[in-house]
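Undergrad: Residues in the sequence shown are numbered from 1 upward in steps of one, following the UniProt record's numbering. Here a beta-carbon is modelled for each residue, glycine too, at the ideal position from N, C-alpha and C. Keep in mind that this is a model prediction, so the values were computed, not measured.
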Amino acid sequence: MSGATTVSRRVPAWRKHLPPFLRRRRLAALVEAVTLALFVGMAVLTYRLVSGSGQSYALLTPPIVALLLVANLVPAIALLVLLGRRVAKRRAAASAIGSDGQLHVRLVAIFSIVASVPMLLVVIFASLLFQYGVQFWFSDSARGMLQNASDLARGYYEQNLREVGDETVTMASDLRDYLAQSKVNSPRFAEGFIYQVVTRKLNRSAIIEVGKDGVARTAATVDPENRPAAQMLTAAVVKRLNAGENVVVQAKPQQIEAVTLLYPGSKIYLYATRDSGSWAFSNVERAQKVIADYDVFSAQSRALQLRFNIALFVGSLLLVGIAVYIALAVADWMVRPVNELVTAARRITAGDLSARVTSPLARDEIGTLASAFNRMTQRLEAQTGALVAANSQLDERRAFIEAILSGVTAGVLSVDRKGVIQLLNRSAAAILVEEGDDPVGRLLSDVSTELADLIASDESAGIVQVRAHGDLRTLAVKVSDDASGHILTFDDITQQLSDQRRAAWSDVARRIAHEIKNPLTPIQLAAERLQRRYADEITSDRPTFTRLTGTIVRQVGDLRRIVDEFSSFARMPKPVFRRETVGDIARHALFLHEVAHPDIRFDYQADTPDLELVCDRRQLGQALTNIVKNAVEAIEPKPEPTEGEPRGHVSMRVAQMGEDLVITVRDDGIGLPPERDRILEPYMTTRTKGTGLGLAIVKKIVEEHLGEIRFDDAQGGGASVTLRFAAAALEKLEEGQVIAMPKGKVTANGA
Numbered sequence: 001m002s003g004a005t006t007v008s009r010r011v012p013a014w015r016k017h018l019p020p021f022l023r024r025r026r027l028a029a030l031v032e033a034v035t036l037a038l039f040v041g042m043a044v045l046t047y048r049l050v051s052g053s054g055q056s057y058a059l060l061t062p063p064i065v066a067l068l069l070v071a072n073l074v075p076a077i078a079l080l081v082l083l084g085r086r087v088a089k090r091r092a093a094a095s096a097i098g099s100d101g102q103l104h105v106r107l108v109a110i111f112s113i114v115a116s117v118p119m120l121l122v123v124i125f126a127s128l129l130f131q132y133g134v135q136f137w138f139s140d141s142a143r144g145m146l147q148n149a150s151d152l153a154r155g156y157y158e159q160n161l162r163e164v165g166d167e168t169v170t171m172a173s174d175l176r177d178y179l180a181q182s183k184v185n186s187p188r189f190a191e192g193f194i195y196q197v198v199t200r201k202l203n204r205s206a207i208i209e210v211g212k213d214g215v216a217r218t219a220a221t222v223d224p225e226n227r228p229a230a231q232m233l234t235a236a237v238v239k240r241l242n243a244g245e246n247v248v249v250q251a252k253p254q255q256i257e258a259v260t261l262l263y264p265g266s267k268i269y270l271y272a273t274r275d276s277g278s279w280a281f282s283n284v285e286r287a288q289k290v291i292a293d294y295d296v297f298s299a300q301s302r303a304l305q306l307r308f309n310i311a312l313f314v315g316s317l318l319l320v321g322i323a324v325y326i327a328l329a330v331a332d333w334m335v336r337p338v339n340e341l342v343t344a345a346r347r348i349t350a351g352d353l354s355a356r357v358t359s360p361l362a363r364d365e366i367g368t369l370a371s372a373f374n375r376m377t378q379r380l381e382a383q384t385g386a387l388v389a390a391n392s393q394l395d396e397r398r399a400f401i402e403a404i405l406s407g408v409t410a411g412v413l414s415v416d417r418k419g420v421i422q423l424l425n426r427s428a429a430a431i432l433v434e435e436g437d438d439p440v441g442r443l444l445s446d447v448s449t450e451l452a453d454l455i456a457s458d459e460s461a462g463i464v465q466v467r468a469h470g471d472l473r474t475l476a477v478k479v480s481d482d483a484s485g486h487i488l489t490f491d492d493i494t495q496q497l498s499d500q501r502r503a504a505w506s507d508v509a510r511r512i513a514h515e516i517k518n519p520l521t522p523i524q525l526a527a528e529r530l531q532r533r534y535a536d537e538i539t540s541d542r543p544t545f546t547r548l549t550g551t552i553v554r555q556v557g558d559l560r561r562i563v564d565e566f567s568s569f570a571r572m573p574k575p576v577f578r579r580e581t582v583g584d585i586a587r588h589a590l591f592l593h594e595v596a597h598p599d600i601r602f603d604y605q606a607d608t609p610d611l612e613l614v615c616d617r618r619q620l621g622q623a624l625t626n627i628v629k630n631a632v633e634a635i636e637p638k639p640e641p642t643e644g645e646p647r648g649h650v651s652m653r654v655a656q657m658g659e660d661l662v663i664t665v666r667d668d669g670i671g672l673p674p675e676r677d678r679i680l681e682p683y684m685t686t687r688t689k690g691t692g693l694g695l696a697i698v699k700k701i702v703e704e705h706l707g708e709i710r711f712d713d714a715q716g717g718g719a720s721v722t723l724r725f726a727a728a729a730l731e732k733l734e735e736g737q738v739i740a741m742p743k744g745k746v747t748a749n750g751a
């Protein structure tokens, strides 16, 4: 794994049939928006139904209440679950796995369903049970029963009130009869008064007279407590009696009091009481309080109904929220070991094979997986260590073999059975490919068709000529087979063949010079003697005689020049190295040809006028003279120019490039010949009078001076010859040091 691993998930078939805008991640956001809109819509609808259903104390029917509760609860739970899903995805994305939280989402869904389905059933049952109970307790029947009980208690109490009042009025009539027969303070009246009180089941009674001064006085009484008249007769009672009431009955917690006029129109009053007991009065008051409380609860029944359903709603959401929280916690607990595994796996991917995970104490599947992972990483670390050690040994052996191969001058090339290059050393790469190019993994036929053809011919050895860096190279190749393919070893024998040819031509030149030079002098002397001796004596056809003897002398001179070149090529003297000014040598070489060929323009350029080089002045001058001579001869075949224009142009430039001194000669002649690969071989010439030894001598001089020569096509036509000398190495020759004398490098390329 590198970074977060991308896992392709199969798209469900049902999602493929959705419109394009629903197939993307916006589907979840769309579901959330629809759920939120549904919840808000149901909340508004519920508010409209509750607030517009008539009286505030009228209850909604249980089915409607349960339906509204479920209709609001379902989208609210769904919204809560969707919120938990979003939280789960974010927590999963922030984890080491970095996934879309499928495990979190599944656990949230499962816990939500497990909590929601039975909870919805319980909520529906509890709501219906509560609604039907409330409907019963606040129904007309329940209130009628309470009202009947209250009326019964009050009727009984009021009956006692009426009875005490009636007894008091009747007793007043009887007392008037007693007063008609005896005085109020007589024993007989007192006996009759007591008799009236006892027989009428009264507890106390008194005759009260209000005097002219307005003070109430007790005329007669049957009262064990002997209370004052002012306590028994109040102004309010007197006022009511004076207003025309026959009797005034008052209920008190412990007794029932009744007051009536003893004589109509007088100020004499009869006061009577009967003890009723506190229970009767308290029962009446309690019944009235129950009725009042019931009326209050009846008025608040709608609010009570709403509060209960809201409590159910909030409690249900709280339970679902707790379930979602537990689901997230369980998911985190379950994913934590997986996160550790992912983190450890990424460390292993990054190369840290010491990564381990903490094994849980519980020996469950997660613990087994962690233990297996640790065992795997431990074995992987051990095996990787062994593999690294083996690779290190292989690398050391490979480096050793490559060091050996790189030190071998022969080229070594390994190809498999399909002809694909597996290995090659530095010498092979220098011959077959350009610098910086890596042919490993390529077909041998794409690199060198000649070597590929040799393998295809099943020959074990052969001489192959290949084109390398523009030069034609001759290789001595040996082919050996192994289990994996073929191994080719080859030596570049181009220089060896050239040296052999040069040695052979040197021997030939020496023999020719020896055999030809001896008779040339007598022939020339004889021809000259014939011309001097017999030129005047011959009278017939003298011009022919003179022309023939002149031809003999001239041809002998040409032969002598050829013999001199053969001698120079065969017996090149050992160079004497001294520090010389290169500009003087170069200008002298140009001057000789400039005098002989005034129709050709010669130019000389030097970066520094006094550039010096350790060299043999005579040999370097000879080399430059031969090169300029070839340039002039390349210009001569060109057509005659217009009057005033030069026939051609030869330029020479001397420059210091790093530690090397470079001399470049350019011309605008007919250019290099097609056989440019053999241009430096002895007796290789394209001119009828040429010997083919000029450039061979130049090559030998350049090699003696540790230099290299290069032939190129000049831009715009013509040829360019570049001589490059290792100035630093030549400095050591001047100091008398013995250094290796490498063969000069010769290249002939196109522009």
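Which of helix, strand or coil does DSSP assign to Glu704?
TA: Reading the sequence shown from its first residue, position 704 is the one you call residue 704. If DSSP states are grouped into helix, strand and coil, Glu704 belongs with the helices.
Undergrad: Let me check one thing: in DSSP terms, what residues is residue 786 bridge-paired to?
TA: Nothing in the structure corresponds to residue 786, since the chain is present only between 1 and 751.
Undergrad: Would you say Leu67 lies against chain D (beta-carbon separation less than 9 Å)?
TA: In the structure shown, chain D does not exist; there is a single protein chain.
Undergrad: Would Met657 and Tyr604 qualify as a contact pair, given that the criterion is a beta-carbon distance under 9 Å?
TA: Looking up residue 657 in the sequence shown gives position 657. Looking up residue 604 in the sequence shown gives position 604. No, the pair does not count as a contact, with Cβ atoms beyond the cut-off.
Undergrad: Please report the straight-line C-alpha distance between Leu118 and Phe125, rounded to a whole angstrom.
TA: Numbered from its first residue, the sequence shown carries residue 118 at position 118. Numbered from its first residue, the sequence shown carries residue 125 at position 125. Looking at the sequence provided, one finds Pro at residue 118 rather than Leu. For Pro118 and Phe125, the distance between alpha carbons rounds to 11 Å.
Undergrad: Could you say which of Ile670, Ala461 and Val447 lies nearest to Ala634 if we only look at CA atoms?
TA: What you label residue 634 is simply residue 634 of the sequence shown in a count that begins at 1. Answer by Cα proximity: Ile670.
Undergrad: Excluding sequence positions up to five away, which residues of its chain have a Cβ less than 8 Å from the Cβ of Ile421?
TA: As a working mapping, residue 421 is identified with position 421 in the sequence shown. Taken in chain order, the residues that qualify are Leu413, Ser414, Val415, Pro439, Val440, Gly441, Arg442, Leu443, Leu444 and Val447.
Undergrad: Please state the DSSP three-state secondary structure of Ala483.
TA: Here residue 483 refers to the residue found at position 483 when the sequence shown is read from its first residue. Correct three-state label for Ala483: coil.
Undergrad: Could you give the DSSP three-state label for Thr489: helix, strand or coil?
TA: The count along the sequence shown starts at 1 and reaches residue 489 at position 489. In this structure, Thr489 counts as strand in the three-state DSSP scheme.
Undergrad: Count the other CB atoms within 10 Å of the CB of Glu191; is the residue buried (16 or more) or exposed (fewer)?
TA: On the sequence shown, position 191 is the one that residue 191 refers to. Flag for Glu191 reads exposed.
Undergrad: Are the segment 606-618 and the segment 708-717 touching, with three or more C-beta to C-beta distances below 8 Å?
TA: As far as the Cβ criterion goes, the segment 606-618 does not touch the segment 708-717, which means the pair count is below three.
Undergrad: Please state if the CB of Ala370 and the CB of Thr358 are separated by a distance shorter than 9 Å.
TA: Against the sequence shown, residue 358 aligns to sequence position 358. Against the sequence shown, residue 370 aligns to sequence position 370. Yes, the pair counts as a contact, with Cβ atoms nearer than the cut-off.
Undergrad: Applying the 10 Å Cβ sphere with the 16-neighbour rule, what's the burial state of Tyr269?
TA: Position 269 of the sequence shown, counted from the start, is the residue given in the question as residue 269. So Tyr269 ends up on the buried side.
Undergrad: In this structure, does DSSP put Glu731 in helix, strand or coil?
TA: Indexing the sequence shown from 1 puts residue 731 at position 731. Helix, per DSSP.
Undergrad: So what does DSSP say about Gln622, is it helix, strand or coil?
TA: Translated into positions along the sequence shown, residue 622 becomes position 622. Helix at Gln622.
Undergrad: Going straight from the alpha carbon of Gln181 to that of Leu175, what length do you get?
TA: Indexing the sequence shown from 1 puts residue 181 at position 181. Indexing the sequence shown from 1 puts residue 175 at position 175. Taking the straight line joining both Cα atoms gives about 10 Å.
Undergrad: Do Val71 and Thr46 have their C-beta atoms closer together than 9 Å?
TA: Position 71 of the sequence shown, counting from 1, holds the residue named residue 71. Position 46 of the sequence shown, counting from 1, holds the residue named residue 46. Here residue 71 is Ala; the residue named in the question, Val, does not match the sequence. Yes, Cβ-Cβ distance for Ala71 and Thr46 is below 9 Å.
Undergrad: Rounding to the nearest angstrom, what Cα-Cα distance links residue 821 and His593 in this structure?
TA: No answer is possible for residue 821: the residues shown for the chain start at 1 and end at 751.
Undergrad: Based on the DSSP output, what are the partners of Gly648 in its beta bridges?
TA: As a working mapping, residue 648 is identified with position 648 in the sequence shown. Ile600, per the DSSP bridge assignment.
Undergrad: Using DSSP with H/G/I as helix, E/B as strand and the rest coil, what is Ala468?
TA: For the purposes of this step, residue 468 is taken as residue 468 along the sequence shown, with counting starting at 1. Here Ala468 sits in strand by DSSP.
Undergrad: Within the continuous beta strand (DSSP E) that includes Gly411, where are the two ends?
TA: Counting from one through the sequence shown, the residue named residue 411 turns up at place 411. Element bounds for Gly411: Gly411 to Asp416.
Undergrad: Check Asp177 in the structure and name its three-state DSSP category.
TA: Your numbering for residue 177 matches position 177 in the sequence shown. The answer is helix: DSSP assigns Asp177 an H, G or I state.
Undergrad: Less than 9 Å between the C-beta atoms of Thr409 and Ser392, yes or no?
TA: Here the question's residue 409 lines up with position 409 in the sequence shown. Here the question's residue 392 lines up with position 392 in the sequence shown. It is not a contact, given that the beta carbons lie outside the stated cut-off.
Undergrad: Starting from Ser720, follow the alpha helix (DSSP H) in both directions and report where the run begins and ends.
TA: As a first step, residue 720 is located in the sequence shown; it is residue number 720 there, counting from the start. Counting along the chain, Ser720 falls outside any alpha helix (DSSP H), though it belongs to the beta strand (DSSP E) covering Ala719 to Ala726.
Undergrad: Measuring only the C-alpha atoms, how far is Phe313 from Ala251?
TA: Sequence index remark: in the sequence shown, residue 313 carries index 313 (1-based). Sequence index remark: in the sequence shown, residue 251 carries index 251 (1-based). Cα to Cα, Phe313 sits roughly 51 Å from Ala251.
Undergrad: Thinking C-alpha only, which one of Ala272, Leu82 and Glu450 is nearest Ala468?
TA: For the purposes of this step, residue 468 is taken as the residue at position 468 of the sequence shown. Minimum Cα distance to Ala468 is reached at Glu450.
Undergrad: Count the other CB atoms within 10 Å of the CB of Lys574; is the residue buried (16 or more) or exposed (fewer)?
TA: As a working mapping, residue 574 is identified with position 574 in the sequence shown. Burial call: exposed.
Undergrad: Taking 8 Å as the cut-off, does the segment 538-554 touch the segment 578-593 (at least 3 CB pairs, one atom from each stretch)?
TA: The segment 578-593 is not in contact with the segment 538-554.
Undergrad: Please classify Ile322: does DSSP put it in a helix, a strand, or coil?
TA: Locating residue 322 in the sequence shown gives position 322, counting from the first residue. Helix, per DSSP.
Undergrad: Any idea what DSSP makes of Gln393, helix, strand or coil?
TA: Position 393 of the sequence shown holds residue 393. The answer is helix: DSSP assigns Gln393 an H, G or I state.
Undergrad: Tell me whether the segment 215-228 and the segment 184-201 touch, counting them as touching only if at least three CB pairs, one residue from each stretch, are closer than 8 Å.
TA: Segments in contact, yes.
Undergrad: Kindly list the residues whose CB is nearer than 8 Å to the CB of Val466, restricted to its own chain and excluding five residues on each side of it in sequence; keep chain order.
TA: Within the sequence shown, residue 466 is the residue found at index 466, counting from 1. Result list for Val466: Ile431, Leu432, Ser448, Glu450, Leu451, Leu472, Arg473 and Leu475, in chain order.
Undergrad: Around the C-beta of Leu49, are 16 or more other C-beta atoms found within 10 angstroms, so that it is buried, or is it exposed?
TA: One-based indexing of the sequence shown puts residue 49 at position 49. Looking at its Cβ environment, which holds fewer than 16 other Cβ atoms inside 10 Å, Leu49 is exposed.
Undergrad: Count the other C-beta atoms from every protein chain shown that fall within 10 angstroms of the C-beta of His588, then say buried if there are 16 or more, exposed otherwise.
TA: One-based indexing of the sequence shown puts residue 588 at position 588. The residue is exposed, with fewer than 16 neighbouring Cβ atoms inside 10 Å.
Undergrad: Ile322: buried (16+ other C-beta within 10 angstroms of its C-beta) or exposed?
TA: One-based indexing of the sequence shown puts residue 322 at position 322. The residue is exposed, with fewer than 16 neighbouring Cβ atoms inside 10 Å.
Undergrad: With H, G and I counted as helix, E and B as strand and the rest as coil, what does DSSP make of Arg587?
TA: For the purposes of this step, residue 587 is taken as the residue at position 587 of the sequence shown. In this structure, Arg587 counts as helix in the three-state DSSP scheme.
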